Amino acid sequence: MNTQEIVQQFDRYVMANYGRKADTPVIVRGQGALMWDSDGREYLDMFPGWGVSSLGHCHPHVVEAIRRQAGDLIHIDNTFYSPQQGQLAQMLSERAFGGQCFFGNSGAEAVEGSIKLARLATPESRYKIITMLGSFHGRTFAAISATAQPKYQRGFGPIVPGFKYVPFADLAAVGEAIDDETAAVMLEPIQGEGGVNEAPADYLRGLRELCDSRGVLLIFDEVQTCLGRTGDWFGYQDSGVVPDIMTMAKAMGGGVAIGGFMAKPEIARFLVPGTHASTYGGNPLACAAAIATVEAIEQDNLLERTHVLADRTRALLEKLAERHPTIEEIRGRGLMIGVQLNRPGAPLVAECLRRNLRINCTHDTVIRFYPPMTATDEQVDQAVSIMDEAMNAIGFDDAGAGAAAQSGQVHQ
Ligand SMILES: *Cc1c(COP(=O)(O)O)cnc(C)c1O
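Residue numbers (my numbering): 348 to 759.
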């Protein structure tokens with residue numbers, strides 16, 4: 348099939364919820380920070396897999412692990428023990444806070460399970476979950492109910508009861524919102540979809556004390572920040588503030604669908620038989636991919652590499668900001684970088700794609716620049732200079748360009 352036929356077939360038989368257009372590339376291959384479309388065109392991918400492919404596309408160690416495991420056993424249900432699931436849980440536990448793990452297949456499921464566990468592990472009168480404005484926790488019902496952004500809930504009501512929203516990074520607001528019915532406070536250590544907003548360390552420390560003193564659990568949604576994205580194994584580790592429950596997904600499986608949550612043992616013990624399950628969760632194939640992801644990060648010293656590459660990327664983007672008044676701020680941590688614009692970023696994302704560079708725009712005006720940990724210096728340099736040229740080419744800094752630009756943010 349040629350490219351046009353692939354697109355026609357797709358548009359006829361697949362639901363149109365992702366906003367693809369007829370000229371959206373058909374991607375058929377990836378390697379590291381590069382991907383190729385069906386016409387053989389090469390793209391530099393600075394947002395690989397929507398935050399999933401932190402190792403870049405098709406890391407050889409992960410590919411090899413998947414090939415090997417697929418020949419032995421792809422799936423076995425959770426009736427049985429399997430070596431991969433236990434090994435992965437130990438690897439994650441030892442790199443975090445010594446908790447126990449439950450495995451599912453996605454971020455939203457991880458959030459769902461965490462909310463269920465928080466309600467289960469606190470007295471029955473406690474059911475409320477406090478979350479933050481601008482948060483994003485996924486697309487299932489409990490997850491959109493936790494997500495304090497009206498656009499994700501519109502049309503789906505009634506949402507799940509028991510969620511209370513407070514401004515991000517406002518400790519006093521959380522203190523006021525907690526009552527005798529509160530089970531947990533949940534937040535992302537760095538808000539991703541909400542525009543790459545980092546929770547200050549003293550705020551996290553304050554939350555920890557507040558939760559402890561009021562008998563409330565603290566949940567960190569680490570779906571986007573886990574497995575090295577920030578330069579640590581987990582986003583919370585920079586602050587040293589340990590959660591009671593933590594979600595994981597995206598980068599966890601090196602591209603294979605896996606998610607899960609970890610809880611301190613004294614909380615995890617509430618998840619007794621019959622309370623929660625996932626048919627695919629923690630299957631040998633997904634776990635082998637996740638084990639290989641952890642191994643690859645360690646073997647190639649990719650946490651250190653993340654810090655070095657992040658410094659270089661930040662410096663380049665700061666220089667870019669000096670040349671372009673539309674850039675207001677560079678923020679984030681590690682290779683989770685947000686470029687705050689003073690206008691909608693969609694036209695810039697589209698122009699970069701025309702120039703074979705993939706970046707992303709979230710929250711209308713924030714460019715997400717997430718190079719894979721395996722990207723070379725040259726690839727990042729090239730990406731930033733393509734952004735520079737693209738901004739010039741579309742007159743992005745011209746007065747009025749922002750107003751004329753369409754606010755066409757497409758969210759998956
Ligand atoms: C992406 C994301 C989710 C949802 O993950 P899915 O795998 O799409 O269900 C939840 N929380 C955060 C913080 C995310 O970034």
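Glycine included, every Cβ here is placed at the ideal spot set by N, Cα and C. In this text, all values refer to a predicted model and were calculated from it rather than measured experimentally.
Exposed or buried, which one is residue i when buried takes at least 16 other CB atoms within 10 Å?
i    : result
M479 : buried
K475 : buried
A662 : exposed
I353 : exposed
N707 : buried
V686 : buried
P497 : exposed
N452 : buried
Y717 : buried
Y365 : exposed
F357 : exposed
M720 : buried
G578 : buried
P395 : buried
E569 : buried
P631 : buried
D392 : buried
G481 : buried
Y360 : exposed
Q431 : buried
G433 : exposed
M362 : exposed
T723 : exposed
I715 : In the sequence on display, residue 715 carries Arg and not Ile. R715 is buried by the Cβ-count criterion.
E787 : For the chain, the structure presents residues 348 to 759; residue 787 sits outside this window and is missing.
V375 : exposed
V655 : exposed
R473 : buried
S400 : buried
A436 : buried
M816 : This structure gives no information on residue 816, because the portion of the chain shown stretches from 348 to 759.
K597 : buried
State yes or no: is the C-beta of residue i within less than 7 angstroms of the C-beta of residue j?
i    : j    : result
I423 : S429 : yes
P547 : F567 : no
L551 : V603 : no
G446 : M599 : no
I592 : S461 : yes
G606 : E456 : yes
L297 : I733 : The first residue shown for the chain is 348 and the last is 759, placing residue 297 beyond what the model contains.
L667 : D735 : yes
F483 : G541 : yes
A489 : V507 : yes
A624 : I413 : no
C573 : V532 : no
A380 : Q726 : yes
P649 : L464 : Note that residue 649 is Leu in the sequence shown here, rather than Pro. No, Cβ-Cβ distance for L649 and L464 is not below 7 angstroms.
Q571 : G403 : no
Restricting to Cα atoms, I'd like to know which of the options is closest to residue i.
i    : options                : result
E613 : P590, G628, V603, A633 : P590
I741 : L700, P718, L649, R659 : L700
L564 : N349, Q416, D724, R466 : R466
Q378 : M533, V543, G387, H406 : H406
R690 : D559, A746, W383       : A746
S440 : F581, L618, T712       : F581
R442 : N739, E676, T626, G575 : G575
Q584 : S560, H671, G681       : G681
G387 : G398, V373, M393       : V373
R486 : L381, G502, G628       : G502
D549 : K611, S586, Y390       : S586
Y678 : E545, G553, E645, A693 : First, the amino acid is wrong: residue 678 is Arg here, not Tyr. Answer by Cα proximity: E545.
G454 : F427, A643, Q437, A493 : A493
H671 : N739, T371, M438       : N739
F427 : T469, G629, V410       : G629
Q646 : H408, I491, R415, N425 : H408
F769 : G509, L554, I491       : This structure leaves residue 769 out entirely; the chain is present only between 348 and 759.
K611 : W397, A468, L435       : A468
G692 : G398, D711, D526       : D711
L534 : D517, T653, T626, Y499 : D517
G345 : Q500, G539, C634       : Look at the range of the chain in this structure, 348 to 759, and you will see that residue 345 is not part of it.
E698 : A737, E669, F449       : A737
Where DSSP assigns a beta bridge to residue i, which residues make up the other side?
i    : result
T529 : K475
H404 : G379
L345 : No answer is possible for residue 345: the residues shown for the chain start at 348 and end at 759.
I592 : I566, A610
D384 : I374
R680 : M683
Q447 : A610
For this session: Closer than 5 angstroms is what we want: which residues have a beta carbon that near any heavy atom of ligand 1? List them in chain order.
Result: Taken from the N-terminal end onward, the list reads S453, G454, A455, H484, G485, E535, G539, D568, V570, Q571, A596.
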